[in-house]
Amino acid sequence: MEVEGIILLLYGFMAAVLGVSLPGLLNMTAVKISQEYGYNDAFKYICGALSVIFIQTFIAIFFSRLIESSPAITEALHEIGLAIFSVLTIYFFFFAKRKEKRKHQGDIPKRQTPFLQGILLASINVFSIPFYVFLSITLATYDYHIFDQIYTILFSLGVVMGSALMFYMYIYFFKKITREDAFILKNINYIIGSITAIISLITVYKLLR
1 MEVEGIILLL YGFMAAVLGV SLPGLLNMTA VKISQEYGYN DAFKYICGAL SVIFIQTFIA
61 IFFSRLIESS PAITEALHEI GLAIFSVLTI YFFFFAKRKE KRKHQGDIPK RQTPFLQGIL
121 LASINVFSIP FYVFLSITLA TYDYHIFDQI YTILFSLGVV MGSALMFYMY IYFFKKITRE
181 DAFILKNINY IIGSITAIIS LITVYKLLR
């Protein structure tokens, strides 16, 4: 495997860790299934969700390849991305509040196939697609060949690996310790705010260069 392939695999991994780090539909459902029905059902659910996440990442890169062919659209997306990440930075540092874990998140039908449930929930969770579109275009502007099929696959695999890690981390943390005691969850607003601030600075440098 070439160095660029490994780098894109790691970028996909880190992007997924960032994207799945906040409490959301997919990771909290994984925790609920694990606690109510055990690790075996949670594993099946995660496999279903990861299969859709891989496809969604592939679709995002496909769309980004079409958009990247237009320099005007690319520059506009950088400006929009800067605005979004700047707002997120302000939000996470100054306005976001830690909330207690909701006790009632809806019952999971006992006889529902966990694998199918993972597919269905991941399919309606389409918010990650714009994120990977923007990230793919950003990587392409830094001369990474992410649009080559092999690199697209490696990046998508990295996303799957990062997502899987975070799912299992959520299961582990909620199984072993309370949410208030978990350092990552306790300080997640400041962690995400720092990351978005760094991305904003990089985007400003890219626009002014």
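Residue 11 in UniProt numbering sits at position 11 of the sequence shown, with consecutive numbering throughout. From the three backbone atoms N, C-alpha and C, an ideal C-beta is built for every residue, glycine too. Please read these numbers as outputs of a predicted model, since none were measured by experiment.
From the DSSP output, in three-state form, read off residue 226 for me. It is not possible to answer for residue 226, since the shown part of the chain is limited to 1 through 209.
Roughly how many angstroms separate the alpha carbons of residue 90 and residue 48, rounded to a whole number? Cα-Cα distance, rounded: 35 Å.
Within its chain, find whatever has a CB closer than 6 Å to the CB of residue 139; leave out the 5 residues flanking it on each side and keep chain order. Scanning its chain for C-beta atoms nearer than 6 Å, with the 5 sequence neighbours on each side dropped, one finds around residue 139 the residues 146, in chain order.
What's the C-alpha gap between residue 163 and residue 15? Distance between the alpha carbons of residue 163 and residue 15 is about 9 Å.
C-alpha gap between residue 41 and residue 2, whole angstroms: Between the alpha carbons of residue 41 and residue 2 lies a distance of about 37 Å.
As assigned by DSSP and simplified to three states, the class of residue 101: Caution is warranted here: a pLDDT of 42 is assigned to residue 101, below 50, making its placement in the model unreliable, and no coordinate value can be reported.
Consult DSSP for residue 38 and reduce its assignment to one of helix, strand or coil. Looking at residue 38 - three-state DSSP - the assignment turns out to be coil, as it is neither helix nor strand.
Start and end residues, alpha helix (DSSP H) containing residue 132: Start and end: 128-141.
If you measure between the beta carbons of residue 168 and residue 31, is that distance less than 7 Å? Not closer than 7 Å, so no.
Own chain residues within Cβ distance below 7 Å of residue 58, not counting five before or after: Once the five neighbours on either side are set aside, the close Cβ partners of residue 58 are 152 and 156.
Just verifying my parser: in three-state terms, what is the DSSP assignment at residue 198? The three-state secondary structure of residue 198, taken from DSSP, is helix.
Out of 172, 64 and 79, state which residue places its alpha-carbon closest to the alpha-carbon of residue 205. With distances taken between Cα atoms, residue 205 lies closest to 79.
Would you grab the beta carbon distance between residue 132 and residue 60 for me? Rounded to a whole angstrom, and I think it's under 8 Å. With 8 Å as the limit, residue 132 and residue 60 qualify as a contact, their Cβ atoms being about 4 Å apart.
Which of helix, strand or coil does DSSP assign to residue 24? In this structure, residue 24 counts as coil in the three-state DSSP scheme.
Out of 6, 114 and 208, point me to the one whose CA is closest to residue 37's CA. Among 6, 114 and 208, the Cα nearest to that of residue 37 is on 114.
Cα-Cα separation, residue 150 to residue 203: So the two alpha carbons sit approximately 27 Å from each other.
Pair within 7 Å by beta-carbon distance, residue 27 and residue 20: Between residue 27 and residue 20, the C-beta spacing is below 7 Å.
Simplified DSSP state of residue 146, which is helix, strand or coil: Here DSSP, grouped into helix, strand and coil, assigns residue 146 to coil.
Considering Cα atoms alone, identify which of 39, 154, 135 and 159 is closest to residue 63. Residue 63 has its Cα closest to that of 135, out of 39, 154, 135 and 159.
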